[in-house]
Amino acid sequence: MNTILRPLCHIHGSRSFSHTKTSRFPEFMAVIPDKEGALEIRKRVRQEHLDKVHSDSKVKVKLGGALLTENGDMWGSVMHLESDTIDMARDRLQKDIYAREGVWDMQKMTLSPFRTAVRQ
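One point on numbering: in the UniProt record's numbering, the residue at position 54 of the sequence shown is 54, and numbering is uninterrupted.
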């Protein structure tokens, strides 16, 4: 029986990454503003954006949605990504149709390592 069961620390232990090509934080948060006047393009390509949100097997989108003004107008997007590296997360975002079609202002994107403190 000892050969089958493992201590819980092996199951729920932290993931380790090398310091050269990967991050110590496998989660990233992206805040990406829309370009001015991009609402019509956003609406036109939205279905493809949603259909392909989980198309990258190496970068998981854990959460995503539109950022809104107090009036409910969309002004950008937020995405919580799980990835081995920040470069992989950035590449995933750059391949998104919102980036390719000019909805997102990628020059103003904020992409940061993220550590969840509370999750329900």
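Idealized CB from N, CA, C, for every residue including glycine. Just so it is clear, the structure is predicted and the values come from calculations on it, not from any experiment.
In three-state DSSP terms, what is valine 103?
-> Working through the sequence shown from its first residue, we reach residue 103 at position 103. Residue state, collapsed to three classes: coil.
Determine the DSSP secondary structure at methionine 79, reduced to helix, strand or coil.
-> By one-based count along the sequence shown, residue 79 stands at place 79. Methionine 79 falls in the strand class under three-state DSSP.
Using three-state DSSP, classify alanine 38 as helix, strand or coil.
-> One-based indexing of the sequence shown puts residue 38 at position 38. It is coil, neither helix nor strand.
Going by the beta-carbon positions, is the gap between methionine 74 and leucine 63 smaller than 8 Å?
-> For the purposes of this step, residue 74 is taken as the residue at position 74 of the sequence shown. For the purposes of this step, residue 63 is taken as the residue at position 63 of the sequence shown. No, they are not a contact pair.
Straight-line CA distance for tyrosine 98 to threonine 85?
-> Within the sequence shown, numbered from 1, the residue matching residue 98 stands at position 98. Within the sequence shown, numbered from 1, the residue matching residue 85 stands at position 85. Cα to Cα, the separation comes out at about 21 Å.
Where does the unbroken beta strand (DSSP E) through alanine 30 begin, and where does it stop?
-> As a position in the sequence shown, residue 30 is number 30, starting the count at 1. That run of the beta strand (DSSP E) goes 27 to 33.
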